[in-house]
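A.B. asks: For what it's worth, the UniProt record's numbering labels the leading residue of the sequence shown as 1, then goes sequentially.
Ideal Cβ positions, reconstructed from N, Cα and C, are used throughout, including at glycine.
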Amino acid sequence: MSQPLNDAALDQLFRTARSYNGYTDQPVSEDDCRAIWELAKMGPTSANQLPARLVWCTSDEAKAKLADCCSEANKPKVLKAPVTVIVGMDTDFHEHLPELFPHTDAKSWFDGNRELREASAFRNSSLQGAYLLMAARALGFDTGAMSGFDGGAVDKAFFADQPAVRTNFIMTIGHGDPASIFDRSPRPAFEKFNTVA
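(1) Assuming L100 is part of the alpha helix (DSSP H), what are its boundary residues?
(2) Between the C-alpha atoms of T195 and A160, what's the straight-line distance to the nearest angstrom?
(3) Using 8 Å as the Cβ pair cut-off and three pairs as the minimum, do the region 112-121 and the region 140-149 touch?
(4) Taking the beta carbon of F190 as the centre, do at least 16 other beta carbons fall within 10 Å, making it buried, or is it exposed?
(5) Buried or exposed for D32, going by 16 or more other Cβ atoms inside 10 Å?
(6) Rounded to the nearest angstrom, what separates S180 and R18 at their Cα positions?
(7) Counting Cβ pairs closer than 8 Å, one from the region 124-135 and one from the region 162-169, do we hit at least three?
(8) Need the endpoints of the alpha helix (DSSP H) that C33 sits in, please.
(9) My output table needs one value for F149: the three-state DSSP class, helix, strand or coil.
(10) Whose C-alpha, out of A52, S29, A81, is nearest the C-alpha of A64?
(11) Helix or strand or just coil, what does DSSP make of S19?
(12) Candidates L5, P51, C69, L10: which alpha carbon is nearest M146's?
(13) Run the CB neighbour count on M134, radius 10 Å, all protein chains shown included, and call it buried at 16 or more, exposed below.
(14) Tell whether a beta-carbon distance below 8 Å holds between Y131 and A40.
(15) For the beta strand (DSSP E) containing A52, name the first residue and the last one.
(16) If we ignore side chains and look at the alpha-carbon of each, how far apart do D60 and M1 end up?
(17) Measuring straight from C-alpha to C-alpha, what distance separates A197 and P188?
(18) Please report the straight-line C-alpha distance between R137 and K107, rounded to a whole angstrom.
See below:
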């Protein structure tokens, strides 16, 4: 039976964790990226779809190419972060379901229904991006998920050879510089946005 995490773990994952705009010079290695993925991939998606397609921008060349697709405010974040991950979504994810969900013919649920595939790819790749963020935090890294980019330009630059893949969002990963953040924005009480039915 699962037990609640202790306060230190909850702080690291949620309560004191922040979205960083800048990072220290401490590197993030390819082994670190792989460790984050190995944890994040365990998060559930509908019928184990796993539609996210990730590009880990670690080289100066990849960072510059991605920064060119970003808003002026986000360009320096991408250029200075040790890693920026592009979280893409594959609308042809169903082609992999015979391997990923072998219990039944799940591929047939999506054959010929692009609208359903797009909705499902967006929903489940967003989940995977959130798992990626939490996995990075769990392993001692800081993150900065963001919009503020030209999705079509990112797709052209990084997914041109995969026409079924489109960008969902991007996220920096590193060891956060406390000077790069401002005071936490408000988090409302339960009653403001919740209803118990």
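C.D. replies: In brief:
(1) Taking the sequence shown and counting its residues from 1, the one referred to as residue 100 is at position 100. Element bounds for L100: 97-100.
(2) The residue labelled residue 195 in the question sits at position 195 within the sequence shown. The residue labelled residue 160 in the question sits at position 160 within the sequence shown. If I take the Cα positions, the gap works out to 44 Å.
(3) no
(4) Locating residue 190 in the sequence shown gives position 190, counting from the first residue. Classification of F190: exposed, given that the 10 Å Cβ count is below 16.
(5) What you label residue 32 is simply residue 32 of the sequence shown in a count that begins at 1. Counting the other Cβ atoms within 10 Å of the Cβ of D32 gives 16 or more, which makes it buried.
(6) By one-based count along the sequence shown, residue 180 stands at place 180. By one-based count along the sequence shown, residue 18 stands at place 18. Computed Cα separation, rounded: 10 Å.
(7) Verdict: yes, contact present.
(8) Translated into positions along the sequence shown, residue 33 becomes position 33. That run of the alpha helix (DSSP H) goes 30-40.
(9) The residue you call residue 149 lines up with position 149 of the sequence shown. DSSP places F149 in strand when its eight states are reduced to three.
(10) Taking the first residue of the sequence shown as position 1, residue 64 is located at position 64. The residue with the shortest Cα to Cα distance from A64 is A81.
(11) Here residue 19 is taken as the residue at index 19 of the sequence shown, counted from 1. Three-state result, S19: strand.
(12) Counting from 1 along the sequence shown, the entry for residue 146 is found at position 146. Among L5, P51, C69, L10, the Cα nearest to that of M146 is on C69.
(13) Stepping through the sequence shown from its first residue, residue 134 is reached at position 134. So M134 ends up on the buried side.
(14) Position 131 of the sequence shown holds residue 131. Position 40 of the sequence shown holds residue 40. Yes, they are a contact pair.
(15) Numbered from 1 along the sequence shown, position 52 holds the residue referred to as residue 52. Counting along the chain, the beta strand (DSSP E) containing A52 begins and ends at 52-57.
(16) If you number the sequence shown from 1, residue 60 lands on position 60. If you number the sequence shown from 1, residue 1 lands on position 1. So the alpha carbons of these two residues sit roughly 46 Å apart.
(17) Indexing the sequence shown from 1 puts residue 197 at position 197. Indexing the sequence shown from 1 puts residue 188 at position 188. Between A197 and P188, the C-alpha separation is close to 19 Å.
(18) Position 137 of the sequence shown, counted from the start, is the residue given in the question as residue 137. Position 107 of the sequence shown, counted from the start, is the residue given in the question as residue 107. Spanning the two alpha carbons is a distance of roughly 33 Å.
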